[in-house]
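This report refers to the structure that appears directly beneath it.
In my numbering, the protein residues as written are 8 to 282.
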């Protein structure tokens, strides 16, 4: 038994190390290339530079107009996170606590069915609709991110809410709390681990998205950082080091956000799995 356990631990460790290397090696390559001089970029690209050129980041910052592009990306991510957390948690709470009602059950099934419709199938109708509504801008992209994530996020929240004792809500109602006060003072604090998980996933999805902003946003000045980087692709490829510095600038906020919130993400996933 001890030999079997040791063997399973060995293969389990290998199974974890290989995917980690598949992420860390490309990340290391991006960092190294963004720090090199153009004349030092030959070879495999994995050698750490003997001299560092920090000006690559300032050149990339100016080339893609990073302040404005970052502002657009942050706007879309903020709208997506706030909308996903509030709407999904409210809908999940309403569905779970009114599961006996046919209206709520079929509404939940409708939301889940929407998960199987990819954005590529609905791209042209959404572009036309957003244009007619005057939402061909970052606000419209944020709204679409909320709509397309509503089904999955509601599913996660509903599975978590089912484990919460309904007696807490009943006692708050007896004490005179309204329905919204029960949600705000009792239910929402208990959803914090799952909310952190959904929040960081919503941030990563909206921050790294390329297709939706490129199709919906009509004004290039309001485009997000990934789209702006692609539009300047010819200029960036003249200097690969500046290009990789630009990619690192776009990737850094997502990495920092994950490092800050990883404890709550793991907690939310574990609690949801246990309950």
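Every residue, glycine too, gets a C-beta built ideally from N, C-alpha and C.
If you draw a straight line from the C-alpha of residue i to the C-alpha of residue j, how long is it?
{"i": "residue 231", "j": "residue 87", "result": "14 angstroms"}
{"i": "residue 280", "j": "residue 170", "result": "Reliability fails at residue 280, whose pLDDT of 45 lies under 50, so the model's placement of it is uncertain and no value is given."}
{"i": "residue 47", "j": "residue 265", "result": "32 angstroms"}
{"i": "residue 26", "j": "residue 185", "result": "49 angstroms"}
{"i": "residue 36", "j": "residue 233", "result": "19 angstroms"}
{"i": "residue 126", "j": "residue 98", "result": "22 angstroms"}
{"i": "residue 210", "j": "residue 261", "result": "8 angstroms"}
{"i": "residue 180", "j": "residue 105", "result": "16 angstroms"}
{"i": "residue 142", "j": "residue 198", "result": "31 angstroms"}
{"i": "residue 196", "j": "residue 203", "result": "11 angstroms"}
{"i": "residue 100", "j": "residue 168", "result": "7 angstroms"}
{"i": "residue 208", "j": "residue 129", "result": "22 angstroms"}
{"i": "residue 178", "j": "residue 107", "result": "21 angstroms"}
{"i": "residue 259", "j": "residue 156", "result": "24 angstroms"}
{"i": "residue 20", "j": "residue 187", "result": "47 angstroms"}
{"i": "residue 30", "j": "residue 148", "result": "29 angstroms"}
{"i": "residue 22", "j": "residue 191", "result": "42 angstroms"}
{"i": "residue 219", "j": "residue 110", "result": "32 angstroms"}
{"i": "residue 154", "j": "residue 182", "result": "35 angstroms"}
{"i": "residue 32", "j": "residue 193", "result": "45 angstroms"}
{"i": "residue 45", "j": "residue 263", "result": "27 angstroms"}
{"i": "residue 116", "j": "residue 34", "result": "40 angstroms"}
{"i": "residue 112", "j": "residue 150", "result": "24 angstroms"}
{"i": "residue 124", "j": "residue 82", "result": "25 angstroms"}
{"i": "residue 62", "j": "residue 267", "result": "28 angstroms"}
{"i": "residue 24", "j": "residue 66", "result": "35 angstroms"}
Residue i and residue j look like a contact to me (Cβ under 8 angstroms); what is the Cβ gap, rounded to whole Å?
{"i": "residue 176", "j": "residue 189", "result": "5 angstroms"}
{"i": "residue 214", "j": "residue 80", "result": "6 angstroms"}
{"i": "residue 114", "j": "residue 102", "result": "7 angstroms"}
{"i": "residue 162", "j": "residue 119", "result": "6 angstroms"}
{"i": "residue 4", "j": "residue 201", "result": "No statement about residue 4 is possible, as the shown extent of the chain runs from 8 to 282 and does not include it."}
{"i": "residue 40", "j": "residue 248", "result": "6 angstroms"}
{"i": "residue 152", "j": "residue 212", "result": "7 angstroms"}
Quick one: residues in its chain with C-beta nearer than 6 angstroms to the C-beta of residue i, no 5 flanking neighbours on either side, listed in chain order?
{"i": "residue 42", "result": "56, 59"}
{"i": "residue 64", "result": "252"}
{"i": "residue 257", "result": "232"}
{"i": "residue 122", "result": "158, 159"}
{"i": "residue 74", "result": "none"}
{"i": "residue 28", "result": "none"}
Looking only at its chain, what residues have a beta carbon closer than 8 angstroms to the beta carbon of residue i, apart from the 5 residues adjacent to it on each side?
{"i": "residue 237", "result": "217, 221"}
{"i": "residue 172", "result": "none"}
Just to confirm my understanding: we take residue i, look at its own chain, exclude 5 residues before and 5 after, and list those with CB closer than 7 angstroms. What are they?
{"i": "residue 229", "result": "79, 144, 145"}
{"i": "residue 76", "result": "230, 231, 232, 235"}
{"i": "residue 38", "result": "255"}
Would residue i pass as an interface residue toward chain B - the criterion being a Cβ-Cβ separation below 8 angstroms?
{"i": "residue 200", "result": "Checking the listed chains, one finds no chain B in this structure; it contains a single protein chain."}
Just checking residue i against the ligand SAM - is the residue's beta carbon closer than 7 angstroms to any of the ligand's heavy atoms?
{"i": "residue 232", "result": "Among the ligands in the structure shown, none appear at all, so the ligand SAM cannot be discussed."}
Segment contact flag, the region 133 to 140 with the region 222 to 235, C-beta cutoff 8 angstroms, min 3 pairs: yes
Stretch pair the region 87 to 105 + the region 243 to 257: three plus CB contacts closer than 8 angstroms: no
contact_flag[the region 136 to 152, the region 64 to 72] where n(CB pairs < 8 angstroms) is 3 or more: no
Alpha helix (DSSP H) runs contained entirely in the region 148 to 193, provided each spans 4 or more residues: 173 to 181, 186 to 189
Inside the region 56 to 106 only - alpha helix (DSSP H) runs reaching at least 4 residues: Segments of the alpha helix (DSSP H) lying fully in the region 56 to 106: 62 to 70, 73 to 104.
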